[in-house]
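Written out below as structure tokens is the structure these notes cover.
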Amino acid sequence: MIRNIIFFCFSLIPGAAQMSMGLFRRGIQLMVTTIGAFTLLLSFNLEQLIPVICMPLWFFSFFDGYNIKKQIDLGKNVEDQEVYNYDLLLKNKKFLGIAFLALGLLGFVNAIPNSILIYVFGDNYQRIYWTLRRSIVPLLLIVLGICLLFKSRKIETKS
213 MIRNIIFFCF
223 SLIPGAAQMS
233 MGLFRRGIQL
243 MVTTIGAFTL
253 LLSFNLEQLI
263 PVICMPLWFF
273 SFFDGYNIKK
283 QIDLGKNVED
293 QEVYNYDLLL
303 KNKKFLGIAF
313 LALGLLGFVN
323 AIPNSILIYV
333 FGDNYQRIYW
343 TLRRSIVPLL
353 LIVLGICLLF
363 KSRKIETKS
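Residue numbers 213 to 371, in my numbering, belong to the letters of the sequence shown in order.
Written as structure tokens, this is what we have:
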């Protein structure tokens, strides 16, 4: 009973449950990814993206810990492998550049001081500021969707 309570407490911290079972590579990767994403989003003034990015990471870590515990309880041998492979990210420098560009743009729009907006747009600055701030994430999702659709068409035509 106490072991289950302790495991539950570990599973609330991303990666801690995996590390408590000896899967340090997987646990460290989940922990660094979740805490790193949270920290980067805060530093880029993108607090509105924390639920979109950090919550799925937290849920994955929580349920992954219980899934691995179940496999170990059934007597299966669980390998300490990474959750995702870095090679895909490092090989596609174009996507990494686009992601950094998008994060930088979002961070810049969220960090624009009100005095600059008043000077540029006059008294309607708040309406324009909030319109810009609320529309950037949906616009990025639309652009990302269009890019994915065009890529899938190119793959289909090559096949």
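The C-beta atom is built at its ideal place from N, Cα and C for all residues, glycine as well. In this text the structure is predicted, and so the values were computed from the model without any measurement.
Collapsed DSSP secondary structure at residue i in the structure displayed
{"i": "K305", "result": "helix"}
{"i": "G287", "result": "coil"}
{"i": "I354", "result": "helix"}
{"i": "L360", "result": "helix"}
{"i": "P230", "result": "Contrary to the premise, residue 230 reads as Gln rather than Pro in this sequence. Helix at Q230."}
{"i": "F256", "result": "coil"}
{"i": "M213", "result": "coil"}
{"i": "V295", "result": "coil"}
{"i": "I247", "result": "helix"}
{"i": "L269", "result": "helix"}
{"i": "L382", "result": "Nothing in the structure corresponds to residue 382, since the chain is present only between 213 and 371."}
{"i": "L315", "result": "helix"}
{"i": "L242", "result": "helix"}
{"i": "I225", "result": "coil"}
Query raised in the report: Between the stretch 273-289 and the stretch 344-356, are three or more C-beta pairs nearer than 8 Å?
Result: no
Query raised in the report: Is the number of C-beta pairs between the stretch 240-254 and the stretch 221-230 that are closer than 8 Å three or more?
Result: yes
Query raised in the report: Do the stretch 281-299 and the stretch 315-322 touch if we need at least three Cβ pairs shorter than 8 Å?
Result: no
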